[in-house]
Amino acid sequence: MDQFTADPTARVFNGKLYVYPSHDIVPPEGEGRPEWFNMADYHVFSTENLTQWKDHGKILDQKDVPWADSEAYSMWAPDAVERNDKYYFYFPTRTKGAGDGEGGFSIGVAVSNTPTGPFIPQRMPIEGVEGIDPNVLIDKTGQAYLYWSRGKIYGAKLKDNMLELASKPKVFTELPQKGHIEGPFVFERKGTYYMTYPHVANQTERLEYATGDNPLGPFIHKGVIMDESSSGTWTNHHSVVNYKDQWYLFYHDSELSPDFDKNRSIRADSLFFKENGNIKKVIPTHRGIGKSSAFKQIQFDRYSEKSEEGVHIEYLDQKDTFKGWKLVFTQPGAKVRYNRVEFGKESPKAVKLRVNVSGDENAVIEIFDSSLSSVAKLQLDSTDGWEEISVPVQHQFTGTKDLLIEVSGKGSIELDWIEFVK
Ligand code: FUB
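Quick look at the structure:
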């Protein structure tokens with residue numbers, strides 16, 4: 000919520016989840032390419048509970064890559080893998096002298112002793128590779144493969160040094176040849192290799208997949224992992240990761256930049272397989288992943304489910320979307336559910352709500368738990384703008400709960416967040 004992030008590659012290193020995204024920016028006046036993707040550097044983020052994330056700061060800058068055009072703002076979708084206690088960061092960018100036409104991208108490697116850098120870039124890009132969106136798979140025998148895209152999807156074996164190709168690039172002609180295709184991400188599950196990729200089958204990208212018995216295919220097209228975004232964002236770019244026995248899909252959308260789809264933000268949702276190994280389609284949610292602490296602000300506008308009518312979300316500040324959203328209730332009986340709130344072992348004594356109520360003499364906001372017993376009830380007349388109001392909770396409870404908010408009253412009830420108090 001404090002910078003634009005896109006093309007997320009999620010990886011697990013030493014029990015922690017790391018995300019290596021692209022870093023979309025608006026470039027300084029007169030630099031970069033107006034109305035296009037602009038990225039000057041990379042950050043890495045980590046988490047242990049999927050809710051609290053740490054930004055470890057910048058790990059590589061276009062100015063530090065000896066072979067790159069240091070003014071291209073083209074540090075596109077990256078990947079990172081670990082081998083023999085070293086971390087290899089793969090990234091595409093424009094080569095010096097490539098100009099700003101189509102093409103001109105090479106793929107570089109930067110190496111570090113830790114997942115968070117500093118990453119030291121190699122003097123030259125990987126020989127024999129032209130394109131974007133690198134992805135690396137290390138199979139069970141220890142053989143590493145590099146995948147990338149350039150109109151089509153390519154793959155080749157990597158040498159043990161992880162810096163050079165060990166085989167001639169192969170084009171996966173069995174993948175769609177019509178409609179733009181890019182962003183390969185390959186993973187293995189129960190002996191099956193899943194080749195996943197964004198593809199423009201209609202107007203914008205959707206995430207599709209194919210499977211095979213071998214990392215270099217052939218792959219058989221299986222279906223769609225995620226449909227085109229309802230926001231109209233032209234790109235989607237993803238990765239799939241297993242963390243603590245649950246599969247997740249990391250992807251992006253331009254929800255924090257509704258008027259410019261080249262400033263994107265990472266999202267994540269749980270991913271499930273069918274008995275036969277096929278992937279169940281992932282429907283994007285606002286709620287995302289992880290448990291939210293009951294004792295920190297719970298952004299109910301990132302709901303799991305809501306009534307079709309009588310409640311919607313709006314930005315708190317249209318001019319500064321990083322401030323987030325609010326719920327706006329406009330009809331009595333409207334409901335919003337927020338799953339997986341963690342109370343731990345200690346029951347709260349009260350709940351604080353940040354609300355803005357107008358045009359009402361008798362507004363009621365009631366919070367229920369998963370068994371539909373009332374947790375707290377706030378009755379109030381109109382507020383003086385935004386106010387933080389506390390009410391006692393009505394019974395003792397602990398553990399993980401799904402919460403439901405229901406309102407009644409005739410005016411407009413806006414809710415920013417709720418937070419329980421011990
Ligand atoms: O982020 C720039 C490019 O947009 C990526 O490399 C593509 O996969 C698409 O997401």
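In this text, residue positions in the sequence shown follow numbering that gives the first Met the number 0: the first is 0, and each later residue adds one. Here a beta-carbon is modelled for each residue, glycine too, at the ideal position from N, C-alpha and C.
Cβ neighbour criterion (16 or more within 10 Å) applied to residue i
{"i": "ILE288", "result": "buried"}
{"i": "PRO91", "result": "buried"}
{"i": "GLU229", "result": "The displayed chain sequence assigns Ser, not Glu, to residue 229. Exposed, by the Cβ-count rule."}
{"i": "SER357", "result": "exposed"}
{"i": "ASP6", "result": "buried"}
{"i": "ILE119", "result": "exposed"}
{"i": "ASN361", "result": "exposed"}
{"i": "ASP244", "result": "exposed"}
{"i": "ARG422", "result": "Only positions 0 to 421 of the chain appear in the structure, and residue 422 is not among them; the question remains open."}
{"i": "TRP147", "result": "buried"}
{"i": "ASP383", "result": "exposed"}
{"i": "ALA83", "result": "A small correction: the amino acid at residue 83 is Asn; Ala does not occupy that position in the sequence shown. Counting Cβ neighbours within 10 Å, ASN83 comes out exposed, since fewer than 16 surround it."}
{"i": "GLN131", "result": "Residue 131 is actually Ile in this sequence, not Gln. ILE131 is buried by the Cβ-count criterion."}
{"i": "GLU274", "result": "exposed"}
{"i": "GLN378", "result": "exposed"}
{"i": "VAL354", "result": "buried"}
{"i": "GLN61", "result": "buried"}
{"i": "PRO27", "result": "exposed"}
{"i": "VAL420", "result": "exposed"}
{"i": "PRO133", "result": "buried"}
{"i": "GLU386", "result": "exposed"}
{"i": "PRO117", "result": "exposed"}
{"i": "PRO65", "result": "exposed"}
Sequence-distant residues of its chain with Cβ nearer than 7 Å to residue i (five each side left out)
{"i": "VAL281", "result": "ILE224, MET225, LEU248, ASP268, LEU270"}
{"i": "PHE299", "result": "LEU326, VAL335, TYR337, ILE404, LEU414, TRP416, ILE417"}
{"i": "PRO166", "result": "Pro is not the amino acid found at residue 166; the sequence shown has Ser there. Excluding residues within five positions, the ones whose Cβ falls inside 7 Å are ALA155, LYS156."}
{"i": "ARG217", "result": "Note on identity: in this sequence residue 217 is Pro, with Arg being the wrong assignment. Within the same chain, PRO217 has close Cβ partners GLU173, GLY211."}
{"i": "GLY56", "result": "HIS42"}
{"i": "LYS169", "result": "TYR153, GLY154, ALA155, LEU215"}
{"i": "GLY343", "result": "THR397"}
{"i": "GLY309", "result": "PHE328, THR329, GLN330, GLY332, ALA333"}
{"i": "ARG93", "result": "ALA67, ASP68, ALA71, SER73, GLY103, PHE104"}
Own chain, CB closer than 6 Å to residue i, minus 5 neighbours either side, in chain order
{"i": "GLU204", "result": "PRO197, THR234, ASN235"}
{"i": "THR191", "result": "THR210, GLY276"}
{"i": "THR232", "result": "ASP252, SER253, ASP260"}
{"i": "ALA200", "result": "GLY178"}
{"i": "VAL240", "result": "ALA9, TYR247"}
{"i": "SER407", "result": "PRO331, VAL363"}
{"i": "TYR250", "result": "ASN235, HIS237, ARG266"}
{"i": "ILE125", "result": "ILE106"}
{"i": "MET0", "result": "PHE321"}
{"i": "PHE171", "result": "ILE152, GLY216"}
Close-in-space but distant-in-sequence residues of the same chain around residue i (CB under 8 Å, 5 per side omitted)
{"i": "LYS376", "result": "VAL363, ILE364, GLU365, ILE366, VAL390, GLN393"}
{"i": "PHE12", "result": "GLU81, TYR86, PRO114"}
{"i": "ASN277", "result": "LYS221, GLY222"}
{"i": "TRP324", "result": "GLN298, ASP300, ARG301, ILE312, GLU313, TYR314, LEU315"}
{"i": "LYS139", "result": "GLU187"}
{"i": "GLN395", "result": "SER346"}
{"i": "ASP401", "result": "SER303, ARG336, TYR337, ASN338, ARG339, VAL340, ASP368, SER369"}
{"i": "ASN48", "result": "GLY289, LYS290"}
{"i": "PHE3", "result": "HIS22, ASP23, ILE24, LEU255, SER256, ASN262, ARG263, SER264"}
{"i": "ASP63", "result": "PRO120"}
{"i": "SER45", "result": "LYS15, LEU16, TYR17, VAL18, TRP52, LYS53, HIS55, PRO114, THR115"}
{"i": "ASN112", "result": "ASP84, LYS85, TYR86"}
{"i": "ALA79", "result": "THR8, ARG10, TYR17, TYR19, VAL43, TYR86, TYR87, PHE88, TYR89, PRO114"}
{"i": "GLY96", "result": "ASP68"}
{"i": "VAL135", "result": "ASP78, VAL80, TYR87, TYR89, ALA143, TYR144, LEU145, TYR146, LEU157, MET161"}
Contact test: residue i Cβ vs the ligand ADP heavy atom, cutoff 7 Å
{"i": "VAL354", "result": "With respect to small molecules bound, the structure shown includes the ligand FUB and not the ligand ADP."}
So, does the region 344-353 touch the region 385-394, judging by three or more C-beta pairs under 8 Å?
yes
Validate contact between the region 360-380 and the region 310-325 using beta carbons, cut 8 Å, 3 pairs:
no
Inter-stretch contact (C-beta, 8 Å, three-pair minimum) for the region 172-184 and the region 144-157
yes
Do the region 246-266 and the region 20-38 meet, that is, are 3 or more Cβ pairs less than 8 Å apart?
yes
Any heavy atom of the ligand FUB within less than 6 Å of residue CB: hits in chain order
ALA5, ASP6, SER21, PHE36, TRP75, ALA76, ILE131, ASP132, GLU181, GLY182, THR234, HIS236
Can you list, in chain order, the stretches of the beta strand (DSSP E) that have 3 or more residues and sit fully within the region 208-237?
219-225
In chain order, which continuous runs of the beta strand (DSSP E) of length 3 or greater are located wholly inside the region 66-131?
78-82, 85-93, 104-111
Output the residue ranges of the alpha helix (DSSP H) runs that lie fully inside the region 243-331 and measure 4 residues or longer, sorted by chain position.
none
Every unbroken alpha helix (DSSP H) within the region 26-66, with a cutoff of 4 residues, ordered by chain:
none
At which residue ranges does the region 143-222 contain complete alpha helix (DSSP H) runs of 4 or more residues, listed in the order of the chain?
none
Ignoring anything shorter than 3 residues, give me the beta strand (DSSP E) runs that lie fully in the region 363-395, in order along the chain.
373-379, 386-391
3 or more residues per run - each beta strand (DSSP E) lying fully within the region 2-26
5-12, 15-21
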